[in-house]
Each structure stands twice: as C-alpha cells, then as structure tokens.
DNA sequence: TTCGACGTTCTACGAACATCGAACAAAGGA
DNA sequence: TCCTTTGTTCGATGTTCGTAGAACGTCGAA
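Residue numbers (this note's numbering), protein chains in the order written: chain Z, 137 to 253; chain E, 137 to 253.
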C-alpha cells in the first residue's frame, strides 16, 4: 500500500534503546540532520544513495522509534522530525546528537533536492 | 591474557555512530549508569546477569567506543567512565542519555556489589 | 478503465551482534 | 613450582540489521 496508517508510537511509548539504535546508522542520522530545521520534506526530495526499499526501511525505523512523523497527502508522503516530542522525552539529546553529527560529518551522504532539481 | 593493553581511542577518534551503537544496548547502558557517579569500579564489583565472556565483550565495546577507560592493577581490572572526554566531544549527550535511562529504567539489571557482598 | 507515479511488503543474503561454554594466558599466593 | 583467580579469546549459535530486487497496492490523471 502506498498510503498506510503508519504506526507512530506515543510520546510515552518511545524507548531510549530504540532511539539510540535508530540514530546509530549514518543514513538515518543524515535524514534527521536534513529534517532538523523543522521543515517537512516529501520523500521525493530526499536524495539518499540507497534503493527505495532501503529508504523505506530506514524511514520506517525512524518512525517506529518515534523520531519522525509521516503524513500522507494523496500518493505522496511527507516526513517531519518529532523534535518537540523528543525534547520532552529526552531533553538535550537531539541537539547533542546533531551537533556531534555535524562536527563529524555523519550523514553527509543524505542530500535534498528541490522541485525540478 | 588477563591483562591487556586495552585499546582506548583518543578523544579525536571517538565516533558518534559507535557511541550511539554502544549505548543502544541496555546492559551497556546499565554499566554506564553504574559508573556515572565518576567512581571507578573493579570488575568483580559488577553484577550483570550475563556470562563473564559476555561481560568482557560489553566492556570491550564500551572501551572501543571511547565511553569507558580500563586500568589494570595486578590481575584485576578497573573501569571508569570517560565522562570528561565525552562532554568535550558531545556536550550534553551523556547527561541526556543517562536521565532518559533512569526515567525508563533502562539498565536496571546491572547492579553493584560491595567487597564481600 | 488503463496507465504511470509512489511507497510498502516480501524474499533473500551477507554482515554484524549478543550470547554462551570452553580453552587459554597472566599475576599472585602457597 | 603448582594452583587459584581473573580476564581474554575462540568457536558455535541464533538473531537482528542493512541492503537490494521484485511484486503488489493505492492514488491521480488521461
């Protein structure tokens, strides 16, 4: 199914090992970096050097860990960071991870593409 | 060898994915929680519900990730948290992880044992 | 209805991981 | 020297993960 009622854990259900495990993959960290400005992205805007099934897998892991939220609009899906929820659950964690990732260049393989880019 | 020149990465060599991956295991989080008061522990003081080879493995992962430091004294080994190094490398990360772990009870399977306890 | 675009799921595979038991090596004491 | 203690390493096992290709389902347009 192109559009599915993606399972998003409630804030209370987010688990620390799941979050850290999800963030231990450079591709997923790159996605989080891209989304860290708070703007939502369509999946077509994501440029990741993996097959689309693999990207779907990574986005599912992020979603299941409670790190991102997916919204459907017609056939297209949009993904956004759940930064507020994460801040409530793990204050300071996201910022610490992001600044570390930027400093080390983790996730630079993930890029963004403008419409028609 | 009971005593080995354990490989500790330099502060500059610590990698974020390695750190997050190391912290995504509840047993290792429990060890970090135990050490989070800054006190050094002898391995005999660590009560973990795993075989000693498994404990050795977990401590090696933590050491290789740069999270802990191991010191040898005779036949015994002592382990301590590299909290200062981690704070330099990833400011706020350790505290965020620890408070989340405490809130969720992650790593409670790891206990401490006093001499003769 | 037919077609194309989009994302999910299935299946498969190699790599990495957590775990254990057993064998091994080094330091200290009897 | 022999033995105990302590921690490492090896071999084996079952699981999970990252990855990809192929098939499928859904939506919108023609």
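Built from N, CA and C at the ideal position, the CB exists for glycine as well.
In its chain, beyond the 5 residues on either side, 179 and 206 have a beta carbon closer than 6 Å to the beta carbon of residue 213 of chain E. The beta carbon of residue 155 of chain Z lies closer than 6 Å to those of 201 in the same chain, with the five residues before and after it left out. For residue 240 of chain Z, the chain E residues whose Cβ falls inside 7 Å of its Cβ are 151 and 152, in order along the chain. At the C-beta level, residue 246 of chain E and residue 182 of chain E come within 9 Å of one another. Looking at Z:165, Z:239, Z:238 and Z:209, the one whose alpha-carbon comes closest to that of residue 217 of chain Z is Z:165. With a beta-carbon spacing of about 17 Å, residue 186 of chain Z and residue 204 of chain Z fall beyond the 8 Å limit used to define contacts. Neighbours of residue 157 of chain E in chain Z, taken as residues at a C-beta separation under 7 Å, are given in chain order as 160. The DSSP-derived three-state label of residue 144 of chain Z is coil.
Under the DSSP assignment, residue 215 of chain E falls in the beta strand (DSSP E) whose first and last residues are 212-217. Collapsing the DSSP output to three states places residue 181 of chain E in a helix. Taking 9 Å as the threshold, the shortest C-beta distance from residue 228 of chain E to chain Z falls below it. Annotated three-state conformation of residue 209 of chain E is strand, per DSSP. For residue 165 of chain Z, a Cβ of chain E is located within less than 9 Å of the residue's own Cβ.
Each residue's CA atom was taken as its position, placing residue 222 of chain Z and residue 188 of chain E some 35 Å apart.
DSSP links residue 204 of chain E through a beta bridge to E:217.
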